[in-house]
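Written out below as structure tokens is the structure these notes cover.
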Amino acid sequence: MARYQHIPGIASIVHVDDDREIDALLDRTDLDRAYAVKGPLLNRLMILRLRRALFRDGRALLSFAPRENSDRAAAQSALAKRLDAMIESPPWDNTAIAAMATYVTTGAGRDAAHAALTYAAAYPFLAPGDTSYEAAKFSRLFGLFQIMQVARMPWKGLSSRLMGKDKRAAREILQATGGDDYGLHAVGVTLANSLVILERLRAVLAQPSTADANAAFEWNQIRTSPVAVTRQNKASCRMPGIEQEVPANSLIVMKLRQAQRAESPDGFEFASAHWSFCPASRYIEAIFARVYEVAKRSQASA
Ligand code: HEM
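Under the working numbering, the letters of the sequence shown match residues 322 to 623, in that order.
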């Protein structure tokens, strides 16, 4: 059920944590990724923090651009096509997959697994002749992601933001990923989701039900939504479950992770049924399917 947090002059925020309501809201054309520094005080502060994390040189990363941005949809489809072609046969260095497989089966080598996961996320954006896995290089890249994560925290991240640590980390991630907005998105933003998925895979492999060497990989057992996606309303509007009209430039916080249930539609975690669908959905699934395959093989031979 949507909840409206309204303190006149201070906050106008709609919180939604129901999967069906989120699916309906994601399609509404009056809700967009505007990131306009408008509305009451708390809204502005939250938007400023989002802009700091999701903007580059004063504009939204392509992955966070508004629906009608002239480049967005074509780039989204082109990335989906490129990533889907890439996974026709697993492209990643076996050493990286083995590092993740070791971690999910034994719990040992967590840092190595994090470096390897960073490599797999960054892989589509690495220079063509430079796609082999070097643990030290990707461990450094993972460290840059961690700096960005800390800087996103309202209070804990304040000093990092004041010192510009997040900006420097973003620049270095961009250098490593061909200056591509999507490369920065893959490493600097969504790696947080992939880390949770890695942990879920570890938990699944520890269950007796998957002890069977032939147990098939099931994405839905480990799928994980981002914590939240955010929209603003361009004009005042009505929203289901909220009595009063929601004024323009309110924040609509859709809490995907909290809303995700076993029954949520396939692809809910990637907004697959909507204009903002994640073009990396099959690519991400393929990484974990490959880790699962190698992990099962090593479990069977142990
Ligand atoms: C290699 C890693 C990834 C890349 C390159 C990537 C890329 C993208 C891009 C480009 C978009 C924006 C599409 C658009 O509207 O133009 C997007 C959206 C999205 N992605 Fe991903 N993604 C990655 C990983 C993930 C992961 C791990 C998850 C979740 C587990 C995820 C969930 C989503 C969701 C929910 C959206 C919709 C956001 C919204 O509606 O505002 N992505 N992704």
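C-beta: ideal position from N, C-alpha, C; glycine also.
Discussion item. Taking the beta strand (DSSP E) that residue 326 belongs to, which residues open and close that run?
Written reply: 324 to 328
Worksheet item: Within 8 Å: the Cβ of residue 553 and any heavy atom of the ligand HEM?
Response: For residue 553, the CB stays at least 8 Å from every heavy atom of the ligand HEM.
Worksheet item: How about residue 616 and residue 522: are their beta carbons less than 9 Å apart?
Response: yes
Discussion item. Quick check on DSSP: helix, strand or coil for residue 506?
Written reply: helix
Worksheet item: If you compare alpha carbons, which of 364, 370 and 344 is closest to residue 476?
Response: 370
Worksheet item: Candidates 573, 570 and 538: which alpha carbon is nearest residue 613's?
Response: For residue 613, the closest alpha carbon among the candidates 573, 570 and 538 is that of 538.
Worksheet item: What is the DSSP secondary structure of residue 334, counted as helix, strand or coil?
Response: strand
Discussion item. Would residue 335 and residue 571 qualify as a contact pair, given that the criterion is a beta-carbon distance under 9 Å?
Written reply: Cβ distance < 9 Å, so residue 335 and residue 571 count as in contact.
Worksheet item: Can you tell which of 446, 517, 496 and 465 has its C-alpha closest to the C-alpha of residue 609?
Response: 517
Discussion item. Does the beta-carbon of residue 426, which I'm using as the reference point, lie nearer than 8 Å to any heavy atom of the ligand HEM?
Written reply: no
Item to complete: Can you check DSSP and say which residues form a bridge with residue 554?
Response: 352
Discussion item. Closest to residue 541 by C-alpha separation, out of 551, 387, 415 and 605, would be which residue?
Written reply: 605
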